[in-house]
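Chemist: Following this message is one structure expressed as C-alpha coordinates.
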Amino acid sequence: MRKHFWWITCAALLFSITIISWKPVHATNKVTAAKHAPASAKELFEQYVDEVYQTANLQASGLDEMVFRKAVTGFMNLKSTQKISPFSSVLTVVDFNKPSREKRMWIIDLVEKHLLINTWVAHGQGSGDDVANSFSNTDESHQSSLGFYLADDIYVGKHGRSLRLDGLDAGFNDAARAREIVVHAAPYVSQSTINQLGRLGRSWGCPAVSPEVSEQVINTIKGKTVFFINGNDSSYNSKYLNEDLSADYVFPTDNDGNKIAKL
835 MRKHFWWITC
845 AALLFSITII
855 SWKPVHATNK
865 VTAAKHAPAS
875 AKELFEQYVD
885 EVYQTANLQA
895 SGLDEMVFRK
905 AVTGFMNLKS
915 TQKISPFSSV
925 LTVVDFNKPS
935 REKRMWIIDL
945 VEKHLLINTW
955 VAHGQGSGDD
965 VANSFSNTDE
975 SHQSSLGFYL
985 ADDIYVGKHG
995 RSLRLDGLDA
1005 GFNDAARARE
1015 IVVHAAPYVS
1025 QSTINQLGRL
1035 GRSWGCPAVS
1045 PEVSEQVINT
1055 IKGKTVFFIN
1065 GNDSSYNSKY
1075 LNEDLSADYV
1085 FPTDNDGNKI
1095 AKL
(Lines of atoms letter the chains of each structure in order from A and count residues from 1; the text may use other names and numbers.)
(Lines give C-alpha, C1' and ligand atoms only; values in the text may rest on other atoms or scores of the structure.)
Protein backbone atom coordinates (compact mmCIF):
# COMPACT_ATOMS: atom_id res chain seq x y z
CA MET A 1 0.00 0.00 0.00
CA ARG A 2 2.84 2.38 0.89
CA LYS A 3 4.65 1.55 -2.38
CA HIS A 4 1.48 2.19 -4.34
CA PHE A 5 0.99 5.57 -2.59
CA TRP A 6 4.65 6.44 -3.20
CA TRP A 7 4.32 5.78 -6.97
CA ILE A 8 1.13 7.87 -7.18
CA THR A 9 2.84 10.74 -5.34
CA CYS A 10 5.91 10.60 -7.62
CA ALA A 11 3.74 10.54 -10.75
CA ALA A 12 1.69 13.53 -9.58
CA LEU A 13 4.86 15.44 -8.67
CA LEU A 14 6.44 14.71 -12.06
CA PHE A 15 3.30 15.85 -13.89
CA SER A 16 3.23 19.10 -11.87
CA ILE A 17 6.89 19.83 -12.63
CA THR A 18 6.26 19.20 -16.33
CA ILE A 19 3.29 21.59 -16.39
CA ILE A 20 5.14 24.29 -14.42
CA SER A 21 8.34 24.06 -16.44
CA TRP A 22 6.60 24.05 -19.83
CA LYS A 23 5.26 27.65 -19.60
CA PRO A 24 8.56 29.48 -18.95
CA VAL A 25 10.25 27.63 -21.83
CA HIS A 26 7.49 28.80 -24.18
CA ALA A 27 7.78 32.40 -22.93
CA THR A 28 11.57 32.33 -23.13
CA ASN A 29 11.40 31.23 -26.74
CA LYS A 30 9.20 34.19 -27.53
CA VAL A 31 11.59 36.62 -25.79
CA THR A 32 14.59 35.09 -27.54
CA ALA A 33 12.89 35.33 -30.91
CA ALA A 34 12.02 38.96 -30.26
CA LYS A 35 15.59 39.75 -29.28
CA HIS A 36 16.94 38.22 -32.50
CA ALA A 37 14.31 39.79 -34.79
CA PRO A 38 16.05 42.04 -37.36
CA ALA A 39 15.69 45.76 -36.71
CA SER A 40 13.37 47.66 -39.03
CA ALA A 41 14.61 50.47 -41.25
CA LYS A 42 12.90 52.99 -38.96
CA GLU A 43 14.61 51.57 -35.86
CA LEU A 44 17.99 51.68 -37.62
CA PHE A 45 17.30 55.27 -38.70
CA GLU A 46 16.49 56.26 -35.12
CA GLN A 47 19.75 54.66 -33.97
CA TYR A 48 21.67 56.55 -36.65
CA VAL A 49 20.15 59.92 -35.67
CA ASP A 50 20.91 59.25 -32.00
CA GLU A 51 24.50 58.25 -32.83
CA VAL A 52 25.15 61.46 -34.78
CA TYR A 53 23.47 63.51 -32.04
CA GLN A 54 25.66 61.96 -29.35
CA THR A 55 28.92 61.86 -31.33
CA ALA A 56 28.62 65.50 -32.45
CA ASN A 57 27.78 66.48 -28.85
CA LEU A 58 24.71 68.37 -30.05
CA GLN A 59 22.87 68.24 -26.73
CA ALA A 60 25.65 70.23 -25.06
CA SER A 61 25.40 72.84 -27.81
CA GLY A 62 21.67 73.28 -27.10
CA LEU A 63 20.14 71.58 -30.14
CA ASP A 64 16.92 69.74 -29.30
CA GLU A 65 17.08 66.12 -30.44
CA MET A 66 13.56 66.10 -31.88
CA VAL A 67 14.33 69.20 -33.96
CA PHE A 68 17.53 67.53 -35.17
CA ARG A 69 15.60 64.40 -36.07
CA LYS A 70 13.14 66.42 -38.15
CA ALA A 71 16.01 68.11 -39.96
CA VAL A 72 17.78 64.81 -40.72
CA THR A 73 14.51 63.28 -41.90
CA GLY A 74 14.09 66.09 -44.41
CA PHE A 75 17.73 65.88 -45.44
CA MET A 76 17.41 62.19 -46.31
CA ASN A 77 14.11 62.68 -48.11
CA LEU A 78 15.69 65.43 -50.22
CA LYS A 79 18.52 63.07 -51.06
CA SER A 80 16.10 60.33 -52.02
CA THR A 81 14.33 62.71 -54.46
CA GLN A 82 17.69 63.89 -55.85
CA LYS A 83 17.15 67.49 -54.74
CA ILE A 84 20.69 67.45 -53.40
CA SER A 85 23.88 65.63 -54.37
CA PRO A 86 24.23 62.04 -53.11
CA PHE A 87 27.59 63.17 -51.70
CA SER A 88 26.14 66.10 -49.75
CA SER A 89 26.72 65.81 -45.99
CA VAL A 90 26.21 69.33 -44.61
CA LEU A 91 22.97 70.18 -42.80
CA THR A 92 22.02 73.56 -41.32
CA VAL A 93 19.44 73.69 -38.52
CA VAL A 94 17.87 76.91 -37.19
CA ASP A 95 15.54 76.59 -34.21
CA PHE A 96 13.37 79.66 -33.70
CA ASN A 97 11.79 78.06 -30.63
CA LYS A 98 14.85 79.39 -28.85
CA PRO A 99 15.39 83.07 -27.97
CA SER A 100 17.63 85.14 -30.22
CA ARG A 101 20.18 85.71 -27.46
CA GLU A 102 21.06 82.01 -27.69
CA LYS A 103 23.17 80.49 -30.47
CA ARG A 104 20.38 78.78 -32.37
CA MET A 105 22.00 77.96 -35.71
CA TRP A 106 23.87 74.67 -36.08
CA ILE A 107 25.81 73.48 -39.14
CA ILE A 108 26.56 69.77 -38.96
CA ASP A 109 28.48 67.30 -41.10
CA LEU A 110 26.33 64.16 -40.99
CA VAL A 111 29.03 61.90 -42.44
CA GLU A 112 31.81 63.04 -40.12
CA LYS A 113 29.24 63.37 -37.30
CA HIS A 114 30.76 66.68 -36.37
CA LEU A 115 29.37 70.10 -35.39
CA LEU A 116 31.01 72.59 -37.74
CA ILE A 117 29.46 75.89 -36.58
CA ASN A 118 27.12 76.98 -33.78
CA THR A 119 26.23 80.65 -33.89
CA TRP A 120 23.59 83.37 -33.50
CA VAL A 121 20.98 83.98 -36.18
CA ALA A 122 18.35 86.70 -36.43
CA HIS A 123 14.67 86.33 -37.26
CA GLY A 124 12.33 88.78 -38.97
CA GLN A 125 11.11 91.83 -37.09
CA GLY A 126 7.51 90.87 -37.90
CA SER A 127 7.97 87.49 -36.21
CA GLY A 128 8.47 88.74 -32.66
CA ASP A 129 10.99 90.32 -30.31
CA ASP A 130 13.39 87.91 -28.60
CA VAL A 131 11.49 84.78 -29.65
CA ALA A 132 9.93 84.29 -33.09
CA ASN A 133 6.27 83.32 -32.71
CA SER A 134 4.73 84.36 -36.02
CA PHE A 135 5.74 83.21 -39.50
CA SER A 136 4.77 84.09 -43.04
CA ASN A 137 5.52 83.35 -46.69
CA THR A 138 4.15 86.74 -47.76
CA ASP A 139 6.20 89.57 -49.22
CA GLU A 140 6.54 92.70 -47.07
CA SER A 141 5.49 90.76 -43.95
CA HIS A 142 9.03 91.05 -42.61
CA GLN A 143 8.46 87.67 -41.00
CA SER A 144 10.60 84.55 -41.07
CA SER A 145 9.43 81.47 -42.96
CA LEU A 146 9.63 77.90 -41.65
CA GLY A 147 10.68 74.79 -43.49
CA PHE A 148 13.29 73.25 -45.74
CA TYR A 149 15.45 75.28 -48.09
CA LEU A 150 18.39 74.75 -50.37
CA ALA A 151 21.27 77.11 -49.65
CA ASP A 152 22.16 77.91 -53.23
CA ASP A 153 24.34 80.55 -54.91
CA ILE A 154 26.39 83.50 -53.72
CA TYR A 155 25.96 87.09 -54.83
CA VAL A 156 27.11 90.50 -53.63
CA GLY A 157 24.28 92.85 -52.68
CA LYS A 158 23.43 95.62 -50.24
CA HIS A 159 24.49 93.43 -47.31
CA GLY A 160 27.73 92.40 -48.99
CA ARG A 161 28.43 88.80 -49.84
CA SER A 162 25.17 86.90 -49.39
CA LEU A 163 23.70 83.45 -50.06
CA ARG A 164 20.35 82.87 -51.75
CA LEU A 165 17.85 80.40 -50.28
CA ASP A 166 15.30 78.41 -52.27
CA GLY A 167 12.23 77.47 -50.23
CA LEU A 168 11.01 73.91 -50.82
CA ASP A 169 7.80 73.83 -48.76
CA ALA A 170 4.84 75.05 -50.79
CA GLY A 171 2.82 77.70 -48.98
CA PHE A 172 5.37 78.06 -46.18
CA ASN A 173 8.63 79.26 -47.72
CA ASP A 174 8.49 78.83 -51.48
CA ALA A 175 8.34 82.63 -51.96
CA ALA A 176 11.84 82.97 -50.49
CA ARG A 177 13.48 83.89 -53.81
CA ALA A 178 10.85 86.50 -54.63
CA ARG A 179 11.09 87.91 -51.09
CA GLU A 180 14.91 87.96 -51.32
CA ILE A 181 15.27 85.84 -48.20
CA VAL A 182 19.02 85.22 -47.96
CA VAL A 183 21.82 84.50 -45.53
CA HIS A 184 23.79 87.70 -44.98
CA ALA A 185 25.92 89.49 -42.41
CA ALA A 186 24.28 92.02 -40.08
CA PRO A 187 25.99 94.12 -37.37
CA TYR A 188 22.96 93.75 -35.08
CA VAL A 189 23.76 90.03 -34.73
CA SER A 190 26.33 90.36 -31.96
CA GLN A 191 26.98 90.08 -28.25
CA SER A 192 27.06 93.87 -27.96
CA THR A 193 23.48 94.10 -29.30
CA ILE A 194 22.38 91.43 -26.81
CA ASN A 195 24.05 93.40 -24.01
CA GLN A 196 22.23 96.54 -25.12
CA LEU A 197 18.76 95.20 -25.98
CA GLY A 198 18.63 91.85 -24.22
CA ARG A 199 18.19 90.23 -27.65
CA LEU A 200 19.56 90.36 -31.18
CA GLY A 201 18.44 92.91 -33.71
CA ARG A 202 15.97 91.67 -36.31
CA SER A 203 15.96 91.38 -40.09
CA TRP A 204 13.21 91.73 -42.68
CA GLY A 205 12.83 87.96 -42.70
CA CYS A 206 16.36 86.83 -43.52
CA PRO A 207 18.33 84.45 -41.28
CA ALA A 208 21.06 87.05 -40.79
CA VAL A 209 24.30 86.10 -39.02
CA SER A 210 27.19 87.89 -37.38
CA PRO A 211 29.75 89.60 -39.67
CA GLU A 212 32.42 87.69 -37.75
CA VAL A 213 31.19 84.32 -39.04
CA SER A 214 29.25 85.19 -42.19
CA GLU A 215 32.04 84.21 -44.59
CA GLN A 216 32.56 80.91 -42.81
CA VAL A 217 28.83 80.18 -42.77
CA ILE A 218 28.31 81.04 -46.44
CA ASN A 219 31.36 79.12 -47.64
CA THR A 220 30.34 76.05 -45.62
CA ILE A 221 26.73 75.77 -46.80
CA LYS A 222 26.80 77.15 -50.36
CA GLY A 223 26.12 74.91 -53.37
CA LYS A 224 22.69 73.40 -52.62
CA THR A 225 22.98 72.11 -49.07
CA VAL A 226 19.93 71.57 -46.85
CA PHE A 227 18.86 74.45 -44.61
CA PHE A 228 16.01 73.83 -42.14
CA ILE A 229 14.19 76.44 -40.05
CA ASN A 230 12.10 75.12 -37.16
CA GLY A 231 9.57 77.14 -35.20
CA ASN A 232 6.42 77.00 -33.09
CA ASP A 233 3.65 76.86 -35.69
CA SER A 234 1.13 74.02 -35.52
CA SER A 235 0.02 74.66 -39.09
CA TYR A 236 3.42 73.84 -40.55
CA ASN A 237 3.73 70.55 -42.39
CA SER A 238 6.08 69.18 -45.01
CA LYS A 239 6.19 66.19 -47.31
CA TYR A 240 9.86 65.94 -46.41
CA LEU A 241 9.04 64.94 -42.82
CA ASN A 242 8.03 61.39 -43.79
CA GLU A 243 10.26 59.23 -41.57
CA ASP A 244 9.35 55.97 -43.29
CA LEU A 245 10.62 57.24 -46.65
CA SER A 246 13.83 58.61 -45.18
CA ALA A 247 14.46 55.39 -43.23
CA ASP A 248 13.89 53.22 -46.30
CA TYR A 249 16.27 55.43 -48.29
CA VAL A 250 19.07 55.21 -45.71
CA PHE A 251 18.54 51.51 -44.93
CA PRO A 252 17.15 49.81 -48.06
CA THR A 253 16.60 46.06 -48.30
CA ASP A 254 18.87 43.95 -50.52
CA ASN A 255 17.78 40.94 -52.60
CA ASP A 256 18.22 38.64 -49.60
CA GLY A 257 15.93 40.73 -47.40
CA ASN A 258 18.77 42.25 -45.37
CA LYS A 259 19.02 45.92 -44.47
CA ILE A 260 22.04 47.70 -45.94
CA ALA A 261 23.25 51.16 -44.95
CA LYS A 262 23.75 53.81 -47.62
CA LEU A 263 25.71 56.02 -45.22
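The opening position of the sequence shown corresponds to residue 835 in my numbering, with each subsequent residue numbered one higher. Note that the Cβ used here is the ideal one computed from N, Cα and C, for glycine as well. No experiment lies behind these values; they were computed from the predicted model shown.
1. Where do the N-terminal and C-terminal ends of the beta strand (DSSP E) with Asp929 fall, by residue?
2. Kindly indicate which three-state DSSP category Asp1000 falls into: helix, strand or coil?
3. To the nearest angstrom, how far is it from the Cα of Ser975 to the Cα of Ser1037?
4. Using the C-alpha atoms, what's the distance from Ser922 back to Tyr989?
5. Identify the continuous alpha helix (DSSP H) that holds Leu878 and give its terminal residues.
6. Expressed to the nearest angstrom, what Euclidean distance is found between the alpha-carbon atoms of Phe1061 and Phe982?
7. Output the distance between the C-alpha atoms of Leu912 and Pro920, rounded to the nearest integer angstrom.
8. For Gly908, which of helix, strand or coil comes out of DSSP?
9. Considering Asp973, what are the terminal residues of the alpha helix (DSSP H) in which it resides?
10. With distances taken between CB atoms, is the gap from Ser1048 to Ala1019 smaller than 7 Å?
11. To the nearest angstrom, report how far apart Phe969 and Pro872 are at their CA atoms.
12. Which partner residues of Arg995 appear in the DSSP bridge assignment?
13. Quick check for students: name the residue ranges of the alpha helix (DSSP H) that lie wholly in the segment 1028-1084, counting only runs of 4 or more.
14. Beta-carbon within less than 7 Å of Leu1079's beta-carbon, same chain only, minus the 5 sequence neighbours each way: which residues are those?
15. If you draw a straight line from the alpha carbon of Glu1077 to that of Thr907, how long is it in whole angstroms?
16. Does DSSP put Phe902 in a helix, in a strand, or in coil?
17. Cutting at 6 Å between CB atoms, please list the residues of its own chain near Asp1082, excluding the five before and the five after it.
Modeler: The short version:
1. Position 95 of the sequence shown, counting from 1, holds the residue named residue 929. Where Asp929 is concerned, the enclosing beta strand (DSSP E) stretches over 924-929.
2. Counting from one through the sequence shown, the residue named residue 1000 turns up at place 166. Asp1000: strand per DSSP, three-state reduction.
3. Position 141 of the sequence shown, counted from the first residue, corresponds to residue 975. Position 203 of the sequence shown, counted from the first residue, corresponds to residue 1037. The straight-line gap from Cα to Cα measures roughly 11 Å.
4. Within the sequence shown, the letter at position 155 stands for residue 989. Within the sequence shown, the letter at position 88 stands for residue 922. Approximately 22 Å between the Cα atoms of the pair.
5. For the purposes of this step, residue 878 is taken as residue 44 along the sequence shown, with counting starting at 1. Leu878 -> alpha helix (DSSP H) spans 875-889.
6. On the sequence shown, position 227 is the one that residue 1061 refers to. On the sequence shown, position 148 is the one that residue 982 refers to. Approximately 6 Å, taken between the alpha carbons.
7. Locating residue 912 in the sequence shown gives position 78, counting from the first residue. Locating residue 920 in the sequence shown gives position 86, counting from the first residue. Distance between the alpha carbons of Leu912 and Pro920 is about 10 Å.
8. Start at 1 with the first residue of the sequence shown, and residue 908 comes out as number 74. Gly908 falls in the helix class under three-state DSSP.
9. Numbered from 1 along the sequence shown, position 139 holds the residue referred to as residue 973. No alpha helix (DSSP H) holds Asp973; DSSP gives it neither H nor E.
10. On the sequence shown, position 214 is the one that residue 1048 refers to. On the sequence shown, position 185 is the one that residue 1019 refers to. Yes, the Cβ-Cβ distance between Ser1048 and Ala1019 is below 7 Å.
11. Along the sequence shown, one-based indexing puts residue 969 at 135. Along the sequence shown, one-based indexing puts residue 872 at 38. Their Cα atoms are separated by approximately 42 Å.
12. Taking the sequence shown and counting its residues from 1, one reaches residue 995 at position 161. Beta-bridge pairing links Arg995 to Val990.
13. 1048-1055, 1077-1084
14. Counting from 1 along the sequence shown, the entry for residue 1079 is found at position 245. Same-chain partners within the cutoff: Asn911, Ser914.
15. Start at 1 with the first residue of the sequence shown, and residue 1077 comes out as number 243. Start at 1 with the first residue of the sequence shown, and residue 907 comes out as number 73. Approximately 6 Å between the Cα atoms of the pair.
16. In the sequence shown, residue 902 corresponds to position 68, counting from 1. Helix at Phe902.
17. The sequence position of residue 1082 within the sequence shown is 248, counting from 1. Closer than 6 Å at Cβ, skipping near neighbours: Ala875.
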